[in-house]
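Following: one structure in structure tokens, then a few remarks.
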Amino acid sequence: MKILRRYPESMVIKGEDYRFEKILKDDFFSVNVLYRNQAGRRYVLKLSDFRFILGLLFRPFAMLMSGHEYTIYRMVDGLPGVPELGPRWGLRGYFHEFIEGKTLHELGKDAKLPDDFFDRLGELIRAIHERRIFYMDLNKQGNIILGDDGKPWLIDYQICMHFKGGGLFGRWSDRIFKRLIQEDIYHLYKHKKRLQPQRLTDDEARLAVRSEGAKKYNRFLGAPYRRFKRKLYPSGSNEIIWYKWKKIKDQSKRMP
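And the structure:
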């Protein structure tokens, strides 16, 4: 197989040939490469990496992160709203279906969403929770896509946590899991409150406010983590930096 900049120039996925089309996203933690077959269907290769000074030293950790994400992805593959999973590539990469559409971040606060958008997204989140997975990253608008088909799609399962049931610590695991998934629910309705306030029910409005347990989680874990990230990325989070770069690139006639 020919190699183009450390990722394949072509790939056979489910019996069909896909060829390199372009770099979709290139940030501090991964490279996302787009492939297309003759029929126009696309797949993304997500290649985990640490793309900063001395990042090569963290390559084993990138392998672990990629393996973890692929394991989680296999648990949710097949759910409506989860892009179809493709094969692994090496120790740091895997393929998944590319969804035509725009993220909530790209759409902005004036996004016009289908009336049932958050109802469908809520069904997906509940199905993920039924598999005892805490998504954890629902605060990121860049992970939620409004597909051209009008449906919600959820990507990026890198920091999800799976809680096994039963065993010696089963009860404690259940209690921790049930508390943590409230954070997913909070972010779900926080997004709905911002983008579809007129469709927010009274019950959903209450869920869009952090519980006391979630406030403690945010105080002792979430807030310190965000402060650390601000020191690490003074110009904004990894996601924000990438979107700023993309906006400049889209407006530039000189950048390819």
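Following my numbering, the numbering of the sequence shown begins with 313 at its first residue and continues without gaps.
No residue lacks a Cβ here, since even glycine has one placed at the ideal position from N, Cα and C.
Since we're looking at a predicted model, the values are computed, not measured.
1. Assign residue 322 to buried or exposed, taking buried as 16 or more other Cβ atoms, counted over all protein chains shown, within 10 Å of its Cβ.
2. Who does residue 354 pair with in a DSSP beta bridge?
3. Within 10 Å of its beta-carbon, does residue 520 have 16 or more other beta-carbons around it, so buried, or fewer, so exposed?
4. Measuring only the C-alpha atoms, how far is residue 470 from residue 356?
5. Would you give the residue range spanned by the beta strand (DSSP E) that residue 325 belongs to?
6. Along the beta strand (DSSP E) that carries residue 464, what are the first and last residues, could you check?
7. Quick one: residues in its chain with C-beta nearer than 6 Å to the C-beta of residue 546, no 5 flanking neighbours on either side, listed in chain order?
8. Measuring alpha carbon to alpha carbon, tell me which residue in 505, 326, 441 is nearest residue 399.
9. Does the Cβ-Cβ distance between residue 467 and residue 455 come in under 7 Å?
10. Could you tell me which residues DSSP pairs with residue 331 in its beta bridges?
11. Check this for me: beta carbons of residue 453 and residue 416, under 7 Å apart or not?
On the basis of the coordinates in this document:
1. Residue environment: residue 322 is assigned as exposed (fewer than 16 neighbouring CB atoms within 10 Å of its CB, all protein chains considered).
2. Residue pairing by DSSP places residue 354 opposite 348 in a beta bridge.
3. Of the residues assessed, residue 520 falls on the buried side of the cut-off, its CB having 16 or more other CB atoms within 10 angstroms.
4. If you take the alpha carbons of residue 470 and residue 356, they lie about 15 Å apart.
5. Residue 325 -> beta strand (DSSP E) spans 322-325.
6. It spans 464-466 - the beta strand (DSSP E) in which residue 464 sits, taken as one unbroken run.
7. Residue placement at residue 546 is flagged as unreliable, the pLDDT there being 48, under the threshold of 50; the coordinate-derived value follows with that caveat. Result list for residue 546: empty, nothing under 6 Å.
8. Checked all of 505, 326, 441; the closest Cα to residue 399 is 326.
9. Going by C-beta atoms, residue 467 is nearer than 7 Å to residue 455.
10. Per DSSP, 322, 348.
11. For the pair residue 453 and residue 416, the CB atoms are nearer than the 7 Å cut-off.
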